[in-house]
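For the sequence shown, my numbering gives the first residue as 2, with consecutive numbering after it. Each residue gets a CB set at the ideal place from its N, CA and C atoms; glycine is no exception. Computed from a predicted structure; not experimentally measured.
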Amino acid sequence: MPNRIWRLTATLALCASAATATACGSGPGTTARADGTLSFTVAVVEPDLTTVPVLAAVDAVRRQGHDVDVVELAAPELAIEGLAQGEYAISAEATGPALSAIEQGAPIKIIADVVGNQWALYGRPGVASCDDLDERPFGIFSSGAVATAMAKDWVRSHCTADNRPRYLTLGGSDVRAQALAAGEIDATPLELSDAVALEASEEPAASRLTKIADFARTLPDLHPQTVYANAGFLGEHRDVAQAFVTALVREHARINARPRHLARLARTYLPGEDEADVVRAAERYRKAGLFDAAALTPRNMQGTIDFFARAGVIGRGVTARDAADLSFIEAVS
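The structure is reproduced here in structure tokens:
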């Protein structure tokens, strides 16, 4: 991790330098071919159900003749590093690392939404308030994760006096869901798909778990997962970037209009997943209206930035104009 941070910092410093700004355009990962089409790379991070529409949009761009390679990465920081260097044209994952890089001068712009705020805080039976968690084990992914930021924000505003849970770093949402069902922790934030899987779990305690806080309701302006792109790519190949965003917006519209469309896409792009779990989760995502790539506005983008500033992920000087280019979703008719 330290080496990765050093490389990213060095890359951002290079791209922020006026003398070398031209080196951070669309970059070495994008090539214009003789027939006018492009060859470029899209990076995704540990693909799941929320990534499926992004992969479908990539295929729509491929059908226009472009050669689009998809790489799967283990962490959003790797995607950000590749975007800053121009190795990747587009990526879609956690918003926080993108905002942090933008604050440091990275040539990156947020251009669309991946999924709305799908997070909620779940607890063992008997946990009804923050004070019930005083000195109790509370599962988190990492100190810098957006779910951790939401959870700690809730603790600050809902626990009285010096009551605080004992934070334990356990891993991803799926791992923490199992730990909660097994009684190893008392509370943890979960993604919608993992909450749905937990409801169907055979663990005896799973059916008695309670939703303590619904972050989708309490933080409606927060957009934790967004699509972002290399700014040079956006400037030099706007038509291709527009084609991708248009395809994503329309794919989301199909998901919302057709009850089983997302599950059908998942069979194509996530063939190894349990189909029953996918069908249940897909229907919950659709009913919640979480898929709307065009949902970003200057107001909720600034609200997202303000949340990450309050959480200490970025400073307070970043604006929606700095971080996002919403003209692509605005252009979709």
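Distance from the CA of P299 to the CA of A324, rounded to the nearest whole angstrom, comes to 10 Å. When only Cα atoms are considered, R285 and Y89 end up about 32 Å apart. Assigned with DSSP and collapsed to three states, P126 falls in coil, not helix or strand.
Looking at the DSSP output, L181 sits in no beta bridge, so it has no partner there. Leaving aside the five residues that flank A33 on each side, the residues in its chain whose CB is nearer than 7 Å to its CB run, in chain order, L39. Less than 8 Å divides the Cβ of T247 from the Cβ of V333.
Q119 is positioned such that its CB atom lies no closer than 8 Å to that of E47. DSSP links T211 through a beta bridge to G124.
Here the alpha carbon of L84 sits roughly 8 Å from the alpha carbon of P108.
With respect to the C-alpha of R157, the residue from R177, R63 and L134 having the closest C-alpha is L134. The closest CA to that of D68, considering only F245, R322, T305 and E200, is found on F245.
Here DSSP, grouped into helix, strand and coil, assigns T305 to helix.
Taking the Cα of G127 as reference, the smallest distance to any Cα among I315, K212, E204 and P260 is reached at K212.
Sequence-distant Cβ neighbours of G117 in its own chain, meaning closer than 6 Å and more than five residues away, are L291. Taking every protein chain shown into account, the CB of G28 has 16 or more other CB atoms within 10 angstroms, so this residue is buried.
Exclusion of the five residues before and after A57 leaves E252 and L266 as the residues of its chain whose Cβ lies within less than 6 Å of its Cβ.
Check the Cα spacing between I186 and each of S194, V197, A198 and G172: the tightest is with G172. Taking 8 Å as the cut-off, the Cβ atoms of A230 and I112 count as close. Counting the other CB atoms within 10 Å of its CB gives G66 a total below 16, which places it among the exposed residues.
Taking a C-beta distance under 8 Å as the contact criterion, V241 and I330 do not qualify as a contact pair. Pairing L100 with V280 gives a Cβ-Cβ distance that is not under 8 Å. In this structure, the straight-line span from the alpha carbon of P221 to that of A296 is close to 11 Å. Around the CB of R218, fewer than 16 other CB atoms lie within 10 Å, so the residue is classed as exposed. Listed as beta-bridge partners of N231 by DSSP are I109.
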